[in-house]
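Worksheet for the structure shown next.
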Amino acid sequence: MAELQRRLVAFAAARDWQPYHTPKNLVAALSVEAAELLEIFQWLTPEQAERVMEDPESAHRVADEVADVLAYLLQFCAALGIDPLAALAAKIDRNEVRFPAKRRGGEDGEGGEGGAGEEGAEEAVRKAP
57 MAELQRRLVA FAAARDWQPY HTPKNLVAAL SVEAAELLEI FQWLTPEQAE
107 RVMEDPESAH RVADEVADVL AYLLQFCAAL GIDPLAALAA KIDRNEVRFP
157 AKRRGGEDGE GGEGGAGEEG AEEAVRKAP
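Written out as structure tokens, the structure is:
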């Protein structure tokens with residue numbers, strides 16, 4: 057991951073794009089690319105969305121947009137000095153505490169939210185990162 061970040065930073069530097077690669081501009085570009093990924097799925101049924109990678113043209117478009125989203129996310133993290141893998145690991149750790157796994161028999165783990173059966177699970181999904 058760090059090597060990809062270095063390549064992206066070097067790519068921008070070789071083109072004198074650093075003045076434009078501010079955190080604000082990078083996060084705006086990230087948002088646009090995420091919207092372009094969403095656009096591919098916008099009017100698909102859930103079943104069609106699950107099969108989107110079966111069509112080579114659609115698969116290529118999805119992979120390209122995923123690459124664009126990841127590229128801007130990595131550049132954003134580099135600009136702010138964020139280690140994206142460490143940030144993700146810390147977020148998972150916090151979510152494991154906030155949303156304990158269900159025990160066998162349908163009981164929630166100790167602490168946390170979601171003691172209302174399926175409703176609690178749905179709430180956890182809505183709040184998940």
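Under the numbering used here, the first residue of the sequence shown is numbered 57, with each subsequent residue one higher.
Glycine included, every Cβ here is placed at the ideal spot set by N, Cα and C.
Just so we're clear, the structure is a prediction, and the values are computed from it rather than from any experiment.
DSSP three-state assignment for residue i, whether helix, strand or coil
i      : result
PHE67  : helix
ALA157 : coil
GLN104 : helix
Span separating the alpha-carbon of residue i from that of residue j
i      : j      : result
ALA69  : ASP124 : 18 Å
GLU175 : GLN131 : Confidence at GLU175 is low in this model, with a pLDDT of 43, below 50, so its placement is unreliable and no value can be given for it.
ARG63  : LYS158 : 42 Å
VAL65  : GLU121 : 19 Å
TRP99  : ALA105 : 9 Å
Under 8 Å between C-beta atoms of residue i and residue j
i      : j      : result
PRO79  : ALA135 : yes
TYR128 : LEU86  : yes
Supposed contact pair residue j and residue i - C-beta distance, whole angstroms, cut 8 Å
i      : j      : result
VAL108 : ILE96  : 7 Å
MET57  : LEU141 : 6 Å
Are the segment 115-135 and the segment 80-100 touching by the rule of at least three beta carbon pairs closer than 8 Å? Contact check between the segment 115-135 and the segment 80-100: three or more CB pairs, one atom from each, fall below 8 Å, which counts as touching.
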